[in-house]
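See below for the structure under consideration.
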Amino acid sequence: MTFEHLEEVLAIEQTSFPTPWSRYAFSYELLENEFACYIVALHGSRVVGYAGMWLILDEAHVTNVAVHPAWRGQRVGRKLMKELIRRAALLGAVRMTLEVRASNRVARNLYQSLGFVERGRRRGYYTDTREDALIMWMDPLIV
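To convert, count from 1 in the sequence shown and add 2; that's this note's numbering.
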């Protein structure tokens with residue numbers, strides 16, 4: 003992901019999450035966070051999805067995954083996740099974790115199909131609705 007993708011990423015972010023990340027948050031990730039890795043899925047020159055992670059020591063933490071509504075159900079999220087997993091392994095990660103809304107059945111099914119396993123729950127994690135987050139791990143990474 004580069005700054006040229008930011009407007010389209012922000013538009014997808016707005017339609018995907020009740021409490022979207024700000025321009026500042028994405029800018030910080032791209033410019034300042036040495037642990038961050040963000041990717042986009044393109045159709046031609048259009049951004050149709052994006053995903054990000056932090057790589058700290060030998061662990062990768064998925065920060066966000068979102069797909070444009072018109073492209074959902076077309077395996078874009080799966081491709082983004084597989085690319086994050088591949089890059090995490092290349093960068094030395096041996097495991098990956100993420101949080102997902104307990105109500106987000108589509109995302110949970112995707113993560114489970116990739117090999118993630120539910121390992122815990124963060125009660126009231128999401129500040130907008132106080133919804134629980136499920137903590138999922140892929141340990142070891144399955145590339």
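Just so it is clear, CB atoms sit at the ideal spot from N, CA and C, and this is done for glycine as well. Keep in mind the model is a prediction, meaning the values are calculated, not measured.
In this structure, residue 44 sits away from residue 79, with a CB-CB distance that is not shorter than 7 Å.
With the rule of 3 Cβ pairs closer than 8 Å, the stretch 54-61 does not count as touching the stretch 8-16.
Residue 101 has its alpha-carbon roughly 12 Å from the corresponding atom of residue 133. Linking residue 137 to residue 122 through their CA atoms gives a straight-line distance of about 5 Å. For residue 17, the three-state secondary structure derived from DSSP is helix. In this structure, DSSP gives residue 138 an extended state, which the three-state scheme calls strand. DSSP assignment within the stretch 69-93 yields the following whole alpha helix (DSSP H) runs of 4 residues or more, N-terminal first: 78-92.
The alpha carbon of residue 69 has as its nearest neighbour, out of 5, 120 and 108, the alpha carbon of 108. As computed with DSSP, residue 101 is found in a beta bridge with 137. Residue nearest to residue 37 within the set 9, 11, 90 and 114 is 90 (criterion: CA-CA distance).
When the Cα atoms are used, residue 63 and residue 22 turn out to be separated by approximately 18 Å. The Cβ-Cβ distance between residue 145 and residue 110 does not fall below 7 Å. The continuous beta strand (DSSP E) containing residue 119 extends over residues 119-124. With a beta-carbon spacing of about 27 Å, residue 60 and residue 103 fall beyond the 8 Å limit used to define contacts.
For residue 108, there is no enclosing beta strand (DSSP E); the residue is found in the alpha helix (DSSP H) stretching over 107-116.
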